[in-house]
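Numbering (full-length UniProt numbering), first residue to last: 1 to 158.
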Amino acid sequence: MSYTIALKRIYQAAEESDGARVLVDRLWPRGKRRESLQLTDWYRDASPSNALRRAWHQGELNDTVFSHRYRWEIEDDPDVLLPLLRWAREGTLTLLTASREPQRSHLPYLRDMLLKALETEDREADDRTPSSSPCYADQATPPDADDSTSPETPNSPH
1 MSYTIALKRI YQAAEESDGA RVLVDRLWPR GKRRESLQLT DWYRDASPSN
51 ALRRAWHQGE LNDTVFSHRY RWEIEDDPDV LLPLLRWARE GTLTLLTASR
101 EPQRSHLPYL RDMLLKALET EDREADDRTP SSSPCYADQA TPPDADDSTS
151 PETPNSPH
């Protein structure tokens, strides 16, 4: 299966083709109000730790060392990718950053990790539903159509 994960600056205008727009930065972008960004979510958990981010920005780490340490942080808690994997399975996922050059930020490394995780899940899933499936509706049993008083029936007053 093919997935579209785009990278953009948070300061670029939102487009309909962006799909789910997720800010993946530890820090909130300067001068921006949440309402003006048309965000799906601000997901800090998948961004590099403060210490790693600072060391990279201060030039203490080259790109290779940064990428290895960032991958280790994610591998330490792989469930941190689940929300992003779900959005990617639903359609286009646009990862956002306040960095001036998204292609030189942590986002390309994150996109690579997401695409590898999706590929691994797809390969291992065979006929099963992947763990990051956006919908588990196929596993639910529909409520009895004749029983409108059942508490499981959607739209029933409680």
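Note that beta-carbon positions come from the ideal geometry of N, C-alpha and C, so glycine has one too.
Source: prediction; values computed, not measured.
DSSP places Ala13 outside both helix and strand once states are collapsed to three, so it counts as coil.
For Ala88, the enclosing alpha helix (DSSP H) stretches over residues 82-90. Contact between the segment 87-106 and the segment 17-25 is present: 3 or more CB-CB pairs across the two stretches fall below 8 Å. Note: Trp42 is bridge-paired with Leu23 in the DSSP secondary-structure output. In the DSSP assignment, Thr4 falls outside any beta strand (DSSP E) and carries neither an H nor an E.
Under the criterion of beta carbons closer than 8 Å, Gly19 and Leu93 qualify as touching, at roughly 6 Å. Spatial neighbours of Pro48 in its own chain (CB-CB distance under 6 Å, excluding positions within 5 residues in sequence) are listed in chain order as Tyr70, His106. For Leu52, the enclosing alpha helix (DSSP H) begins and ends at 50-57. Pro102 places its beta carbon 7 Å or farther from that of Leu37.
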